[in-house]
Amino acid sequence: MRPEDPLARAWALMEEGRFQEAEALLQGEPSPEARFALGYALAFQGRHAEALALYRELYEATGSHRALHQVGMVLRMAGRLKEALAIFEEEARLLPPDPLARATHLYERGYTWLLLGEKEASLSFLQASLAEAEASSDPMAQACAHRGLLEWHLRFGLPEEARRHKEAAIRLFLEAGDRKGAEEVEDLA
4 MRPEDPLARA
14 WALMEEGRFQ
24 EAEALLQGEP
34 SPEARFALGY
44 ALAFQGRHAE
54 ALALYRELYE
64 ATGSHRALHQ
74 VGMVLRMAGR
84 LKEALAIFEE
94 EARLLPPDPL
104 ARATHLYERG
114 YTWLLLGEKE
124 ASLSFLQASL
134 AEAEASSDPM
144 AQACAHRGLL
154 EWHLRFGLPE
164 EARRHKEAAI
174 RLFLEAGDRK
184 GAEEVEDLA
């Protein structure tokens with residue numbers, strides 16, 4: 004994408020945590036990709052109802068598992084965990100045979116189960132997410148899976164394993180160019 008492309012600029016702003024500026028750039032953009040990014044900006048400003056409405060509209064218009072995934076993610080962010088899990092179960096039926104899509108999906112399911120305190124279910128999904136992320140060779144997906152496993156091991160009292168996942172997550176976030184993600188992991192333990 005060209006640097007002057009509003010969508011590329013909006014994603015760059017969001018990577019810097021400048022969600023309101025990204026939203027302003029995207030407001031007049033009608034493409035599904037711009038609407039998708041706008042939902043992300045809204046969600047990370049805590050405007051969950053607006054983000055949900057936008058992603059539901061995108062899902063109805065496109066049938067995209069990505070839009071449905073975002074519905075689940077926003078529900079999770081809003082603390083509506085059981086509803087999020089139901090959406091992720093629905094998304095599972097739409098997933099392509101793509102390791103990156105599966106890694107992202109499995110991470111959200113595992114992380115949501117972790118937030119619910121479900122030890123076995125969360126571990127199973129998070130481990131499966133890591134396996135798919137490794138198959139995809141995507142450092143960001145791998146970093147997220149390691150971060151989820153770090154949080155799982157911290158929560159359930161396994162500090163040595165937590166340290167191993169922390170080191171991997173930091174290394175992979177940096178490899179993916181996400182310094183903020185690495186800093187957030189550093190602050191976890």
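Just so you know, we're using the numbering used here here: the sequence shown kicks off at 4 and counts up by one.
Glycine is no exception: its CB is placed at the ideal position from the N, C-alpha and C atoms.
Fair warning: this is a prediction, and the values are worked out from it, not measured in the lab.
Exposure of residue 89, with buried meaning 16 or more beta-carbon neighbours within 10 Å: Start at 1 with the first residue of the sequence shown, and residue 89 comes out as number 86. Answer is exposed; the Cβ neighbour count stays below 16.
Cβ shell of residue 99 (< 8 Å), same chain only, five flanking positions each side left out: For the purposes of this step, residue 99 is taken as residue 96 along the sequence shown, with counting starting at 1. These residues qualify, in order along the chain: 68.
Inside the region 26-93 only - alpha helix (DSSP H) runs reaching at least 4 residues: 35-46, 51-65 and 68-80
Residues near residue 155 by beta carbon distance below 7 Å, same chain, minus five either side: Residue 155 sits at position 152 when you count from the first residue of the sequence shown. Cβ neighbours of residue 155 beyond the five flanking positions: 117, 125, 126 and 129.
Among 96, 65, 62 and 76, the one whose alpha carbon lies nearest that of residue 50: Locating residue 50 in the sequence shown gives position 47, counting from the first residue. Comparing Cα-Cα distances from residue 50 to each of 96, 65, 62 and 76, the minimum goes to 76.
Own chain partners of residue 184 with C-beta closer than 7 Å, once the 5 adjacent residues on each side are dropped: As a working note, residue 184 is residue 181 in the sequence shown. Correct list, in chain order: 146 and 176.
Within 8 Å, strictly: CB atoms of residue 73 and residue 58: Taking the first residue of the sequence shown as position 1, residue 73 is located at position 70. Taking the first residue of the sequence shown as position 1, residue 58 is located at position 55. Yes, they are a contact pair.
Inter-residue spacing [alpha-carbon to alpha-carbon] between residue 34 and residue 45: If you number the sequence shown from 1, residue 34 lands on position 31. If you number the sequence shown from 1, residue 45 lands on position 42. Distance between the alpha carbons of residue 34 and residue 45 is about 16 Å.
Proximity to residue 40 [Cα-Cα], best of 143, 149, 80 and 13: Here residue 40 refers to the residue found at position 37 of the sequence shown. Closest by alpha carbon: 13.
CB of residue 97 within 8 Å of CB of residue 71, strictly: By one-based count along the sequence shown, residue 97 stands at place 94. By one-based count along the sequence shown, residue 71 stands at place 68. Yes. Within cutoff.
When 153, 102 and 94 are compared against residue 66, the one with the closest alpha-carbon: Here residue 66 refers to the residue found at position 63 when the sequence shown is read from its first residue. Minimum Cα distance to residue 66 is reached at 94.
Which of helix, strand or coil DSSP assigns to residue 160: Taking the sequence shown and counting its residues from 1, one reaches residue 160 at position 157. Reduced to three states, the DSSP call for residue 160 is coil.
Cβ neighbours of residue 4 in the same chain (closer than 6 Å, five flanking residues each side left out): Locating residue 4 in the sequence shown gives position 1, counting from the first residue. The predicted model places residue 4 with a pLDDT of 43, which falls under 50 and marks its position as unreliable, so this point remains unresolved.
Residues near residue 135 in its chain [Cβ-Cβ closer than 7 Å; skip 5 each side]: Residue numbering aside, residue 135 sits at position 132 when the sequence shown is read from its first letter. Within the same chain, residue 135 has close Cβ partners 102, 105, 106 and 109.
Enclosing alpha helix (DSSP H) for residue 182 [first to last residue]: Start at 1 with the first residue of the sequence shown, and residue 182 comes out as number 179. From DSSP, the alpha helix (DSSP H) with residue 182 extends over 182-189.
First and last residue of the uninterrupted alpha helix (DSSP H) at residue 102: Along the sequence shown, one-based indexing puts residue 102 at 99. Start and end: 102-118.
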